[in-house]
Amino acid sequence: MDRELIKEAADEAGLPVCYAAWPPGGEPPMPYVAYRFSYSRSGAEGGIAYAPVETWQVELYSETKDQASERLLEAALCSRGWAVEKREYQHFDPYPYIQTIYIVTTVG
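So the sequence shown is numbered by the UniProt record's numbering: it starts at 1 and just counts up by one.
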């Protein structure tokens with residue numbers, strides 16, 4: 001899977017997007033999205049490897065719970081037929097924010 005396909009899906013949400021992290025001093029106001037490659041493995045059946053299975057993290061950062069941005073990002077990711085798992089974390093250091101992580105699994 002080309003990381004550009006993940007970026008393309010994240011871009012559809014209409015939020016600022018970067019790979020892994022913003023450069024120092026370049027972070028835009030929230031909400032924004034960061035995505036990164038997590039890991040890969042080979043899909044196999046009957047002892048034959050047939051397709052790479054890749055897992056990506058697409059992370060939405062917001063100051064408060066932002067359901068509108070979540071819906072836009074989820075729709076963009078799910079519209080491609082990818083398996084998507086959602087997790088949410090609340091952080092308080094160095095300031096309060098919400099991190100919503102979408103674990104995206106792609107095959108092929």
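Where is the CB? At the ideal position from N, CA and C, for every residue including glycine.
If you're wondering where the values come from, they're calculated on a predicted model, not measured in any experiment.
- Taking a 10 Å sphere around the C-beta of A10, we find 16 or more other C-beta atoms and assign the residue as buried.
- Residue A75 holds the alpha-carbon nearest to the alpha-carbon of V84 among A75, Y97 and A49.
- With contact defined as three or more Cβ pairs closer than 8 Å, the region 81-95 and the region 23-34 are not in contact.
- In the assembly as shown, E70 is a buried residue. Its beta-carbon has 16 or more other beta-carbons within 10 Å.
- Here Y102 is buried: its Cβ has 16 or more other Cβ atoms, across all protein chains shown, within 10 Å.
- C-alpha of V17 to C-alpha of E4: approximately 11 Å in a straight line.
- Membership of K65 in any alpha helix (DSSP H) is not indicated, and neither H nor E is assigned to it by DSSP.
- One thing to note: I6 has its Cβ within 8 Å of the Cβ of V58.
- By the CB criterion at 8 Å, F37 and W22 fall outside the cutoff.
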